[in-house]
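Trainee: Pasting a structure below so you can have a look.
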Amino acid sequence: MTTNIKTIYEFSEITENDRDLVGEKALDLSNISKLSIPISDGFVISKNAYEFFLDISSIKSNIVDMLSNVLGENDIEKASSNIEDAIMRAEIPPIVEREIVRAYSKFSSFSDASLSVRSSYIIEGKEIIDENISQATFLNIKGIPELMLAIKACWASMFEVDVIKYRIENKIDHLKTSVAVVVEKMINTEVSGLAFTVSPIEKDPSKILIQGILGIIDGIKKGEVNPDSYKIEKDTQKILTRDISRQEVMFIRNPKSKSQSDALSTINIADKWKEAQKVDDQMLLQISKYATEIESFYKAPRIIEWGIEKGKIWILKSIPLLGIEISDQDKVEEKIKEEVQPIAEDVIKEEHISEEVVEQKKDLPETVIPPVETPKEEIPVIEKKEVVAKKVTKEKEIKTATKVYTNITDIELKDSISKTNIDGMYIYADDLILELKVHPKKVLEDNKQKEYIDAIAKKISSLCEFMGSSRRVIYTLSHLTSEDFMQLESGVQFESKEVNPIIGYRGTLRNIKEIELFNMELEVVKSVRNKYGYKNLSLMVPFVRTPEELTEIKKIISSSGIKRSSTMNLFLDIALPSNIIMIDEFLNVGIDGININLDYLSQMLLGIDSKNPKIQKEIELNNPTLIKSIDMILTSSNKHKLINSVTGPNITENLELIEYLIKHGVNIINIDVNDIVKIKGEISKIERSLILERSSD
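Residue numbers for the sequence shown follow this note's numbering, beginning at 4 and rising by one.
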């Protein structure tokens, strides 16, 4: 890299001439900072760094080769996965890394702060990038190592599937697009909102419209919170109207999550705050002043995003407020919704999703507490396919930071279950294989793979549709024992009897060795995601004995065209003592989450057969050995910032254990479907107690 190529820009030094180097987002922040209006500390890594990285790492020629002959969806996904992997494996050139470290070190506020790292795509000849292009964002980044990884992830996001498709569809050269990276100290806003420098409904340039809510601005963007509206006269700075909306809930940010999509928790607001004015008059007038100055600079109407943290107003960004050529009131309001949409946070392409319990900050209103709702009346017994659901509860939704999942063994029962309080679902390949009653090798022998794959894919798709696109479905790959397989048609023909089948030829080892059968399982997953279009399906890898097995199975999954992304997470089922003893080695292989399988762990650690009625009562989930093991697992998983899930028998009967799990960072608990309402209410109480406890520290 020659010395005359600039890599790092502070906001204060960016000019209009630098737009094609730093992107629109950075230029806007620079313009605002030059007006002496407070923005967050930060800097920009220009597109020069990205392009130099591609050149020096020889990735550019590989990109050309891999994208020159892509035809269908599978080709694009494979190319995307390979390019992103290559970028994440490559080293940032030392000269670039030194400049980033130097820029980071200039801001004393960065040492203890969480950072947001955002991509800013640049296409030659285009000032505004199409909103359909996803822009990667990573949150709560701390320290140089995490920052370097986040920067590479932003660079890699240039080759996400949807970005590649956009360029192909719009006939844009893949190498004529570039990316800058905006690094900022995160602002954790207690109150936030929008300012329209022209009141959009009246189209009156003499008035400013300010909207405000408690919590972060996602409440407005998601359309789930009605904001207060305040009108202010520009010339006199007089507050003309105050339209106060009742606010029942607020969004707060998870201080540990790296991703935008799952970084939020919704909590109830105490009664005395629900109808209070969200922004006091002094703050309103200051926001109005800032908005007027920004509009004057641009000489055009703007939509401005703002937030208040610890009594200080911060301007987060601004975009043009486009003209409204409609007089009909309803259409005008609809137009406003369309205008506001582009300011929504950049869509995340995260390395993993985190759903950790939100830690209450001292600067949040102390009266804000999570919701505790009382279940409503029960609906009588429902009977279907000779299986009786004990009861289905018509319930009011209970929102908790800890997600509550369930598994439905009989898929047809899903239609008789209220999903109001179900946050996600586990499904198991084993259940589906047993239901089809034929050994997979017999399927291969009869050349009926297509029918077999489609039968399973349709069942999984049914559950993915039931849960909706926003709720994760975790599909556990097969780990049947040889004894289980022998019960199937032709099972005796293909299986050998084992003395100890539970610790025999099964799980990941079997899937690696019998690759043809495993590929059928992977084709099921691809069919659900690509043929049927359900992207909310993630994978669980079960019964993994060694880190080497995990590495190998990951390679097989990736080479099949299934890649980890914001919607496809890879979980490791923690079921064996080796998973605990070698926990760091397993997690270093690279996964998105873990599931603590209390059933298998209790058997393997305590030497107790849970299926033997004579001794199954001896399993105590509070057993010191089990608790110590859970603590070791969660300590390591939290260090790696993974999603923590727990499944196990009788967990609903042990509220003490549930509280322990929540305190120690468990994000997902698997509950029997009939216990969901009761346990979610208990979880809500536990979370309320924890938040109040933390707020009083």
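Cβ atoms here follow ideal geometry from the backbone N, Cα and C, with glycine treated the same way.
(1) Please list the terminal residues of the continuous alpha helix (DSSP H) segment that includes residue 201.
(2) Can you give me the Cβ contacts of residue 514 inside the same chain, cut-off strictly under 6 Å, excluding the 5 residues immediately before and after it?
(3) Is the segment 315-323 touching the segment 203-213 in the sense that three or more CB pairs, one from each, lie closer than 8 Å?
(4) Measuring CB to CB, does residue 56 end up less than 8 Å from residue 97?
(5) When you compare only the Cα positions, how much space is there between residue 443 and residue 436?
(6) Who does residue 183 pair with in a DSSP beta bridge?
(7) Count the other CB atoms, across all protein chains shown, that sit within 10 Å of the CB of residue 305; report buried if there are 16 or more and exposed otherwise.
(8) Is the distance from the Cβ of residue 62 to the Cβ of residue 103 below 8 Å?
(9) What whole-angstrom Cβ distance do residue 690 and residue 423 have, given they're in contact under 8 Å?
(10) My guess is that residue 241 and residue 247 are in contact by the Cβ rule of under 8 Å, so how many angstroms apart are they, rounded?
(11) For the alpha helix (DSSP H) containing residue 10, name the first residue and the last one.
(12) Going by beta-carbon coordinates alone, are residue 251 and residue 281 separated by less than 8 Å?
(13) Is there a Cβ from chain E that is less than 8 Å from the Cβ of residue 93?
(14) Note the first and the last residue of the continuous beta strand (DSSP E) segment covering residue 648.
(15) Secondary structure at residue 474, three-state DSSP: helix, strand or coil?
(16) Enumerated in chain order, which unbroken segments of the alpha helix (DSSP H) with a length of 4 residues or greater are wholly contained in the segment 540-590?
(17) Taking residue 107 as part of the alpha helix (DSSP H), name the residues at either end of that continuous run.
(18) Here's the rule I'm using: 16 or more other beta-carbon atoms within 10 Å means buried, otherwise exposed. How should residue 684 be labelled?
(19) With a threshold of 6 Å on Cβ separation, who are the neighbours of residue 649 within its own chain once the five nearest residues in sequence on each side are excluded?
(20) Is it right to say residue 472 is buried, meaning 16 or more other beta carbons lie within 10 angstroms of its own, or is it exposed?
(21) Which value, in whole angstroms, describes the spacing of the CA atoms of residue 85 and residue 644?
(22) Report yes if the CB atom of residue 193 is closer than 8 Å to the CB atom of residue 123, and no otherwise.
(23) Hey, quick one: how far does the beta strand (DSSP E) through residue 671 stretch, first residue to last?
(24) If you compare alpha carbons, which of 38, 298, 485, 496 is closest to residue 509?
(25) For residue 488, which of 680, 433, 18 has the nearest alpha-carbon?
(26) Let me make sure I understand the geometry here. Which of 566, 498, 523, 94 has the alpha-carbon closest to that of residue 452?
(27) With a threshold of 7 Å, establish whether the CB of residue 95 neighbours any heavy atom of the ligand FMN.
(28) For residue 410, I'd like the list of residues in its chain whose CB is within less than 6 Å of its CB, leaving aside the five on either flank, ordered along the chain.
(29) I need the DSSP call for residue 223, collapsed to helix, strand or coil.
(30) Locate the beta strand (DSSP E) running through residue 428, then write down its first and last residues.
(31) Taking only the alpha-carbon atoms, compute the straight-line gap between residue 163 and residue 610 and give it to the nearest angstrom.
(32) Straight-line CA distance for residue 30 to residue 593?
(33) Starting from residue 27, follow the beta strand (DSSP E) in both directions and report where the run begins and ends.
(34) What are the start and end residues of each continuous alpha helix (DSSP H) run of 4 or more residues lying completely inside the segment 44-93, in chain order?
(35) Pairs of beta-carbons, one from the segment 223-235 and one from the segment 286-305, closer than 8 Å: are there three or more?
(36) Classify residue 331 as helix, strand or coil using the three-state DSSP reduction.
Mentor: Looking at the atomic coordinates:
(1) Boundaries for residue 201: no alpha helix (DSSP H) harbours it, and the DSSP string shows neither H nor E there.
(2) Taken in chain order, the residues that qualify are 521.
(3) Flag = no, the segment 203-213 and the segment 315-323 do not touch.
(4) In this structure, residue 97 does not lie closer than 8 Å to residue 56 by Cβ.
(5) Taking the straight line joining both Cα atoms gives about 8 Å.
(6) According to DSSP, residue 183 bridges with 123.
(7) The residue is buried, with at least 16 neighbouring Cβ atoms inside 10 Å.
(8) The Cβ atoms of residue 62 and residue 103 lie no closer than 8 Å to each other.
(9) Going by Cβ atoms, the distance from residue 690 to residue 423 rounds to 18 Å, so no, they are not a contact pair.
(10) That pair is no contact at about 18 Å.
(11) In the DSSP assignment, residue 10 falls outside any alpha helix (DSSP H) and carries neither an H nor an E.
(12) Contact check for residue 251 against residue 281 fails: the beta carbons are separated by 8 Å or more.
(13) Protein chain content of the structure displayed is limited to a single chain, and chain E is not contained in it.
(14) 646-650 is the extent of the beta strand (DSSP E) around residue 648.
(15) Under the three-state reduction of DSSP, residue 474 is assigned to coil, being neither helix nor strand.
(16) Runs of the alpha helix (DSSP H) spanning 4 or more residues and lying entirely within the segment 540-590 occur at 550-562, 580-584, in chain order.
(17) Element bounds for residue 107: 97-109.
(18) By the 10 Å Cβ count, residue 684 comes out buried.
(19) Correct list, in chain order: 599, 664, 669, 672.
(20) If you draw a 10 Å sphere on the C-beta of residue 472, you find fewer than 16 other C-beta atoms in it, and that means exposed.
(21) Each residue's Cα considered, the two are about 24 Å apart.
(22) Going by C-beta atoms, residue 193 is not nearer than 8 Å to residue 123.
(23) Its beta strand (DSSP E) spans residues 671-673.
(24) The residue with the shortest Cα to Cα distance from residue 509 is 485.
(25) Among 680, 433, 18, the Cα nearest to that of residue 488 is on 433.
(26) The candidate whose alpha carbon is nearest that of residue 452 is 523.
(27) Although the ligand FMN was asked about, the structure shown includes no ligands whatsoever.
(28) If we look at residue 410 and ignore the five residues flanking it on each side, its Cβ neighbours are 429.
(29) Under the three-state reduction of DSSP, residue 223 is assigned to helix.
(30) Looking at the DSSP string, the run of the beta strand (DSSP E) that includes residue 428 is 427-431.
(31) Spanning the two alpha carbons is a distance of roughly 46 Å.
(32) Cα to Cα, residue 30 sits roughly 36 Å from residue 593.
(33) Unbroken run through residue 27 is the alpha helix (DSSP H), 22-36; no beta strand (DSSP E).
(34) Entirely contained in the segment 44-93, the alpha helix (DSSP H) runs reaching 4 residues are, in chain order, 50-59, 62-71, 76-92.
(35) Yes, they touch.
(36) Only weak support is given to the placement of residue 331: the predicted model assigns it a pLDDT of 36, under 50, and the question is left unresolved by the model.
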